[in-house]
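**Q**
Protein chains: 4
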Amino acid sequence: MKKLNIAIIGCGFMGRTHSNAYRRVSNFFDLEYKPVLKAICDRNEEKAKGFANQWDYESVETDWKKMLERDDIDIIDICTPNNLHAEIAIAAAEAGKMIVCEKPLAMNAAQGQTMVDAVEKAGVANLVSYNYRRIPAVTLAKNLIDQGKLGKIYHYRANFLQDWTISTDLPQGGDGLWRLDVKESGSGVTGDLLAHCIDTAIWLNGPIKEVTAMTETFVKERQSVTSGKVEPVKIDDACAFLARFANGSLAVFESTRYARGHKALYTFEINGEHASIAWDLHDLHRLSWFDHRDEGITRGWRSIHVTDGEHPYMDKWWVPGLQIGYEHSFVHQVADFLEGLAKSTPVSPTFRDALETQKVCDAVLDSAKSGQWVKI
Amino acid sequence: MKKLNIAIIGCGFMGRTHSNAYRRVSNFFDLEYKPVLKAICDRNEEKAKGFANQWDYESVETDWKKMLERDDIDIIDICTPNNLHAEIAIAAAEAGKMIVCEKPLAMNAAQGQTMVDAVEKAGVANLVSYNYRRIPAVTLAKNLIDQGKLGKIYHYRANFLQDWTISTDLPQGGDGLWRLDVKESGSGVTGDLLAHCIDTAIWLNGPIKEVTAMTETFVKERQSVTSGKVEPVKIDDACAFLARFANGSLAVFESTRYARGHKALYTFEINGEHASIAWDLHDLHRLSWFDHRDEGITRGWRSIHVTDGEHPYMDKWWVPGLQIGYEHSFVHQVADFLEGLAKSTPVSPTFRDALETQKVCDAVLDSAKSGQWVKI
Amino acid sequence: MKKLNIAIIGCGFMGRTHSNAYRRVSNFFDLEYKPVLKAICDRNEEKAKGFANQWDYESVETDWKKMLERDDIDIIDICTPNNLHAEIAIAAAEAGKMIVCEKPLAMNAAQGQTMVDAVEKAGVANLVSYNYRRIPAVTLAKNLIDQGKLGKIYHYRANFLQDWTISTDLPQGGDGLWRLDVKESGSGVTGDLLAHCIDTAIWLNGPIKEVTAMTETFVKERQSVTSGKVEPVKIDDACAFLARFANGSLAVFESTRYARGHKALYTFEINGEHASIAWDLHDLHRLSWFDHRDEGITRGWRSIHVTDGEHPYMDKWWVPGLQIGYEHSFVHQVADFLEGLAKSTPVSPTFRDALETQKVCDAVLDSAKSGQWVKI
Amino acid sequence: MKKLNIAIIGCGFMGRTHSNAYRRVSNFFDLEYKPVLKAICDRNEEKAKGFANQWDYESVETDWKKMLERDDIDIIDICTPNNLHAEIAIAAAEAGKMIVCEKPLAMNAAQGQTMVDAVEKAGVANLVSYNYRRIPAVTLAKNLIDQGKLGKIYHYRANFLQDWTISTDLPQGGDGLWRLDVKESGSGVTGDLLAHCIDTAIWLNGPIKEVTAMTETFVKERQSVTSGKVEPVKIDDACAFLARFANGSLAVFESTRYARGHKALYTFEINGEHASIAWDLHDLHRLSWFDHRDEGITRGWRSIHVTDGEHPYMDKWWVPGLQIGYEHSFVHQVADFLEGLAKSTPVSPTFRDALETQKVCDAVLDSAKSGQWVKI
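Residue numbers (my numbering), protein chains in the order written: chain A, 1 to 376; chain B, 1 to 376; chain C, 1 to 376; chain D, 1 to 376.
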């Protein structure tokens with residue numbers, strides 16, 4: 001096993017999911033490369049040290065630029081707020097590092113394009129962390145579609161519903177709340193949640209051709225954690241859009257942080273001529289499957305408990321019936337990325353793949369402003 | 001269409017379900033016979049008159065014996081408390097009337113045997129109202145089993161869970177509460193609820209060979225509606241038993257009126273070598289079906305929405321997706337019974353069929369007393 | 001009880017649901033008026049006679065105009081294809097008859113306006129059969145909203161998904177298939193299915209302010225049953241739209257007949273500040289309810305089995321746990337309409353109420369053509 | 001952080017779950033002790049080496065006795081087939097090691113008693129791995145019961161249903177299949193699956209007083225992996241029993257490996273005077289909760305998505321809505337055990353606690369033979 005030295009930038013929620021993925025992957029997957037948690041970086045030194053201690057990192061940095069200079073770092077993994085992705089990624093590419101970047105790729109498509117240019121020019125391996133693709137039930141959906149089992153596709157619908165920002169007392173900005181500050185996040189639910197829905201949709205159903213959208217900011221101002229003042233909220237609290245795919249199917253997408261009762265309810269459904277698929281993140285280990293070719297009297301939606309050895313990734317874990325969780329999607333992502341490195345094959349979603357999602361997000365936000373259909 | 005004159009004895013809950021069934025069957029089923037609501041009988045004249053008015057009965061009686069003397073009555077339908085079934089049924093048979101009797105057939109198997117003897121001697125058509133057989137999803141289960149789709153059967157399990165007698169303030173006896181008075185009911189949940197489970201089980205899975213049981217009376221005394229005094233409660237509030245079927249399968253049955261949160265949750269599940277079936281009364285229009293012969297990666301429990309034209313009875317009702325309810329099981333029962341009359345074919349469950357259930361109930365109650373396995 | 005003579009025009013699916021409702025209502029509801037099935041009308045005499053026989057109608061007509069001339073008819077109930085609603089309704093109003101009309105009210109809002117004018121000028125009682133309002137779970141949703149339990153509303157979403165027209169072999173026009181012929185139906189899923197969603201939405205959440213929509217016709221031509229030739233399909237097979245309500249909430253609506261696996265899956269969900277509600281037609285006896293005010297550790301979506309005596313309409317039927325079905329919504333509608341007559345109170349949705357839905361349908365179809373947001 | 005050196009005996013399925021737990025616990029829990037994977041032992045050296053490599057064990061042994069002699073081992077963790085538990089545990093206790101032992105404690109209660117005596121005499125910390133207690137939803141159930149929210153308990157029911165031994169081609173004995181060989185397992189589903197159900201039941205609902213049981217071996221002979229010959233199968237393939245708890249509640253337990261469609265469906269339900277709880281392992285991150293004290297019109301079963309910070313253990317993991325899986329129960333177990341060590345407090349289930357479960361298992365097997373009720 002060859003060692004691969006990892007440096008993660010950002011000690012927040014995503015820093016944890018990525019650290020865990022690198023730590024665990026070798027216990028479950030047989031891979032040529034073995035990740036080593038070499039360095040962790042956070043502006044806040046105390047936080048970085050605590051994090052390093054908890055995850056057994058070998059070293060700590062407070063300036064991410066230092067990491068790019070180190071010879072003992074192979075992969076830069078960007079877990080910062082969105083507004084820092086581009087600068088770090090471009091510098092890392094120029095430093096010849098491989099790059100894993102949290103989603104969304106960038107603040108907007110134009111910025112994303114510069115990142116794509118940078119990694120492609122540098123010829124470094126790159127990946128954007130749209131982790132939901134690698135939940136076994138979602139990968140199974142992809143396999144079933146690729147086998148042609150659905151026939152012609154008529155409909156796609158996806159929601160990502162949360163309810164954690166309903167309280168007007170919640171401030172914006174700072175640790176954990178940078179998602180509410182447009183300067184750090186670029187947008188609200190569009191980049192944070194719909195980006196996931198769009199990435200999966202393009203992966204499963206091909207390119208999106210055009211959209212019409214609406215957005216809303218329900219709470220118009222919140223205290224800023226950075227300034228201490230009450231400031232206007234500039235992110236979208238909710239966003240919904242209609243879309244047409246290149247394959248002729250119609251789609252409806254919706255996301256909000258004001259859907260009381262839903263914590264992280266990412267759902268999608270796809271209806272084809274012969275069969276349909278549905279999935280949701282609150283029961284991520286199940287896939288709903290309807291096959292019209294089943295005998296009529298016993299035809300019905302099947303609830304597939306995606307825990308068998310023949311299901312994607314599941315031969316690596318426990319025994320049938322025993323479910324895995326959210327964090328495992330990141331382990332699978334790392335496993336696939338490392339396997340791609342071993343084979344010198346790009347692993348999707350690359351920066352270039354993720355740029356497509358960014359373009360749709362831009363079109364959605366444009367349409368919400370103009371009230372017009374916008375082509376991608 | 002030939003008219004068939006119906007006389008119902010008892011204006012309680014079952015009087016209503018039966019009246020409704022006779023009233024509606026001709027609107028939905030094409031039958032040789034058309035039922036006419038000729039007479040209703042209740043000891044309480046006012047109640048009988050109100051009921052006759054609501055259901056458009058042509059006449060009212062307060063003494064059921066009068067009904068047997070009338071030439072214009074073809075079918076006696078017994079909807080009284082259990083303790084009156086035998087006397088009425090035997091007299092009706094002697095009077096040459098066809099008989100529909102609410103379940104359970106009798107207070108016990110010995111009494112049931114005298115009823116079977118009477119109807120068979122008289123040669124009159126007879127039926128016991130185990131209505132749940134004729135919920136389309138349950139009939140579909142029967143059809144799937146009869147087609148051999150399950151292979152060898154290993155397990156049967158059934159529950160009937162309610163929670164309406166938890167309050168100690170509830171009295172026993174009288175209208176609506178005779179089920180709590182052992183003199184009128186014969187037993188508690190065993191005859192009231194488990195009798196349904198046993199009837200379905202024998203129908204689906206063949207004879208039960210032996211049982212071991214336990215019963216409990218949680219509330220030891222209640223005010224008697226008839227005497228006005230606090231009296232010991234002599235029914236079983238809860239009953240559970242293990243069983244072995246003649247086909248070698250094992251079974252667990254349980255019923256109670258103390259399962260908080262369940263109103264009328266009759267459930268059954270049957271596990272075969274190749275396939276399994278599950279059903280419950282709270283979503284009676286669905287059948288759960290698992291077929292191991294389905295391809296591995298998409299194998300899962302199917303939820304069959306039993307509302308298609310090719311499902312049992314459903315071509316008579318609405319269109320796919322539109323569910324029917326509880327009361328329709330009685331309409332189907334009447335339709336089948338009338339069809340049997342037209343063809344001179346006995347329709348199950350006859351008194352003789354229902355006697356088998358009664359024998360199991362007796363064995364269950366015996367075993368609960370003795371603590372021993374009891375053979376049927 | 002005063003008798004009310006009913007004349008139904010149209011022996012199709014809706015003719016059956018309405019006939020059943022009038023036939024049954026007096027068995028379950030205590031009302032001042034008792035409907036009498038006086039006359040049935042269909043262009044096809046044989047069909048009308050068969051129908052009259054099955055439902056015990058007293059007379060048969062083949063020309064609906066005859067019915068308006070008869071003094072023994074109190075209520076004209078219109079169950080024809082949509083293109084006949086206006087002509088019949090206006091004539092019936094002029095003849096001084098009370099009118100029940102199947103939904104949608106008209107072919108478009110302009111036509112609907114003439115109908116509203118006619119009934120209001122004539123001063124006759126009138127009702128449009130948006131029956132889903134009167135499914136007990138849906139009425140319960142309305143009651144909970146009216147009690148203010150949800151607080152400020154953020155989101156509304158509704159789908160009506162079917163899959164019965166996927167086959168290209170299905171012809172258009174004629175009995176049962178007039179819904180596919182734009183000349184008889186006026187539109188496809190918009191008027192047939194979304195009209196239901198819109199009616200419920202306005203009832204529950206108030207006026208819709210503006211919409212942006214897309215429609216699609218997946219199968220471009222079908223054989224015409226009337227002409228025998230292959231003709232272009234001019235209805236919308238699928239329609240989705242975004243909307244803003246007057247109360248500031250956002251909405252997404254979608255309907256299709258190409259959602260494989262869904263027979264008649266009408267669903268809605270409404271998210272408020274404090275609580276959320278969800279419902280679907282495939283399990284119409286349940287209401288999903290989430291209340292954020294519940295204690296945190298046991299907070300969760302509740303599945304309310306809407307079968308208790310304290311639930312809307314349910315004291316009229318059976319006992320807790322025993323579900324009713326689709327057809328009962330029509331019985332409730334008739335019961336409410338008759339009660340309104342007894343009190344001389346208009347019962348919603350009147351023609352005027354239903355016109356609001358028609359206006360939204362028009363706006364949706366306009367927007368789908370123009371690609372613009374359209375105000376109602 | 002003080003280091004604690006772990007030695008695991010057995011490289012099978014449980015060797016993996018325990019190794020994972022020790023490896024991960026410090027990344028998520030703040031504990032005084034930090035486990036170190038010091039040594040792994042398996043009779044098969046190659047297997048042990050491969051396992052050590054995958055999990056980064058510092059050393060390998062092929063004779064478990066060597067481990068007891070090593071000073072650098074603090075905890076002996078027994079993941080062998082059941083027939084080795086007693087010998088190893090007693091020797092480990094005599095060597096003064098702390099002991100974690102996979103369930104069931106022993107081959108029978110008599111043997112279990114010798115183990116209890118040994119650890120208590122030696123005064124070493126000890127724990128039996130009934131891991132399901134520490135699934136957050138199950139722990140939440142315990143907390144709700146301990147808060148008295150259910151009131152008087154009437155019913156307990158638990159199932160553990162699998163379907164993996166239906167094929168007659170499956171051999172008995174050897175790696176992964178020792179569970180089918182009575183010499184290594186002691187019993188079939190009773191010790192393997194019902195032991196879990198019984199442990200949880202006693203924990204949640206107190207002591208079991210008496211039982212009556214039945215068992216069945218559906219496949220009477222299978223090829224032995226060890227002897228290569230077809231030999232009689234002596235384990236119980238299925239077992240069901242009725243029970244009475246000391247608190248007066250009634251119970252039904254059932255387990256089988258012949259329930260087609262169920263992979264590892266451990267379910268339990270408990271019905272109290274005021275509230276009921278239900279849970280199942282196939283959706284282990286949810287708890288069903290019914291509270292009769294909720295307002296009548298919105299009363300219903302709640303589905304609690306047990307992923308909030310205020311739910312047991314969940315503040316250590318991700319954010320609300322993101323579920324964890326099966327393996328996390330072992331991490332929690334280790335966390336609690338280490339916390340107990342830090343506080344010098346025994347952590348349940350100790351060997352003594354687990355002996356109670358063993359006694360019930362013995363009584364169940366005795367009753368299945370005798371056909372009599374057996375007191376514990």
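The C-beta atom is built at its ideal place from N, Cα and C for all residues, glycine as well. It should be emphasised that the depicted structure is a prediction, and the values quoted were computed from it without experimental measurement.
Just verifying my parser: in three-state terms, what is the DSSP assignment at residue 366 of chain B?
**A** helix
**Q** Specify the secondary structure class of residue 203 of chain C as computed by DSSP and reduced to three states.
**A** Here residue 203 of chain C sits in helix by DSSP.
**Q** Look up residue 211 of chain D in the DSSP assignment and give the residues it is bridged to.
**A** D:243, D:374
**Q** Of all the options C:257, C:1, C:76, which has the alpha carbon lying nearest to the alpha carbon of residue 38 of chain C?
**A** C:76
**Q** To the nearest angstrom, how far is it from the Cα of residue 173 of chain B to the Cα of residue 324 of chain D?
**A** Cα to Cα, the separation comes out at about 52 Å.
**Q** Express the C-alpha separation of residue 86 of chain D and residue 114 of chain D in angstroms, rounding to a whole number.
**A** 8 Å
**Q** In the structure shown, what three-state DSSP assignment does residue 256 of chain B receive?
**A** strand
**Q** Report the neighbours of residue 276 of chain B on chain A: residues whose CB is nearer than 7 Å to its CB, in chain order.
**A** In chain order: nothing, as chain A lies at least about 12 Å away.
**Q** Would residue 388 of chain D be called buried (16 or more neighbouring beta carbons within 10 Å of its own) or exposed?
**A** Residue 388 of chain D lies beyond the residue range present for chain D, which begins at 1 and ends at 376; the question has no answer from this structure.
**Q** The segment 217 to 235 of chain B: which residues have C-beta closer than 7 Å to a C-beta of chain D, in chain order?
**A** 218
**Q** Determine the contact status of residue 368 of chain C and residue 376 of chain C, defining contact as a CB-CB distance below 8 Å.
**A** no
**Q** Return the CA-CA distance between residue 136 of chain C and residue 26 of chain C, expressed in angstroms with no decimal places.
**A** Those two C-alpha atoms are separated by around 18 Å.
**Q** Residue range of the alpha helix (DSSP H) that residue 133 of chain A falls in?
**A** Looking at the DSSP string, residue 133 of chain A is not in any alpha helix (DSSP H), and its letter there is neither H nor E.
**Q** Could you check whether residue 213 of chain C and residue 197 of chain C sit closer than 8 Å to each other, using their CB atoms as the reference points?
**A** Their beta carbons are not under 8 Å apart, which means residue 197 of chain C does not touch residue 213 of chain C by this criterion.
**Q** Just verifying my parser: in three-state terms, what is the DSSP assignment at residue 41 of chain B?
**A** strand
**Q** Which residues does DSSP list as the beta-bridge partners of residue 9 of chain D?
**A** D:41, D:78
**Q** Go through the segment 249 to 295 of chain B residue by residue and report every complete run of the alpha helix (DSSP H) that reaches 4 residues or more, in order.
**A** For the segment 249 to 295 of chain B, not a single whole alpha helix (DSSP H) run of length 4 or above is found.
**Q** Tell me whether residue 1 of chain C is buried or exposed, calling it buried when 16 or more other Cβ atoms sit within 10 Å of its Cβ.
**A** exposed
**Q** May I ask you to report which of helix, strand or coil DSSP gives residue 99 of chain D?
**A** Note: residue 99 of chain D maps to strand in three-state DSSP.
**Q** Name the chain C residues whose beta carbon is nearer than 7 Å to that of residue 290 of chain A?
**A** 260, 261
**Q** In terms of residues, what are the limits of the alpha helix (DSSP H) holding residue 297 of chain C?
**A** Note, residue 297 of chain C: premise wrong, no alpha helix (DSSP H); not H, not E.
**Q** Can you find a C-beta in chain D that's less than 8 Å from the C-beta of residue 5 of chain A?
**A** no
**Q** Assuming residue 87 of chain A is part of the beta strand (DSSP E), what are its boundary residues?
**A** First-last for residue 87 of chain A: 85 to 94, but that is the alpha helix (DSSP H), not the beta strand (DSSP E).
**Q** Assuming residue 94 of chain D and residue 79 of chain D form a contact by the criterion Cβ under 8 Å, report the distance between their Cβ atoms to the nearest whole angstrom.
**A** The Cβ separation is near 20 Å, so there is no contact.
**Q** Have a look at D:267, D:342, D:6 and flag the residue whose alpha-carbon is nearest the alpha-carbon of residue 279 of chain D.
**A** D:267
**Q** Is the Cβ-Cβ distance between residue 206 of chain A and residue 361 of chain A less than 8 Å?
**A** no
**Q** Could you give the DSSP three-state label for residue 313 of chain C: helix, strand or coil?
**A** coil
**Q** Judging by CA-CA distance, which residue of C:263, C:201, C:223, C:49 is the nearest neighbour of residue 178 of chain C?
**A** C:223
**Q** Do residue 170 of chain C and residue 255 of chain C count as a contact pair if the criterion is CB distance below 8 Å?
**A** no
**Q** For residue 232 of chain D, count the other beta carbons within 10 Å of its own beta carbon; 16 or more makes it buried, fewer makes it exposed. Which is it?
**A** exposed
**Q** Once you ignore the five residues that flank residue 331 of chain D on each side, which residues in its own chain have a CB closer than 6 Å to its CB?
**A** 21, 24, 25
**Q** Distance cutoff 8 Å, beta carbons only. Does residue 318 of chain D sit that close to anything in chain C?
**A** no
**Q** Out of D:142, D:291, D:45, D:55, which one is the CA nearest neighbour of residue 64 of chain D?
**A** D:45
**Q** Along the chain, where does the alpha helix (DSSP H) that runs through residue 158 of chain C open and close?
**A** Here residue 158 of chain C belongs to no alpha helix (DSSP H); instead the beta strand (DSSP E) covers 153 to 161.
**Q** For the segment 324 to 348 of chain C, enumerate the residues whose C-beta is nearer than 9 Å to any C-beta of chain B, in chain order.
**A** 324, 325, 326, 327, 328
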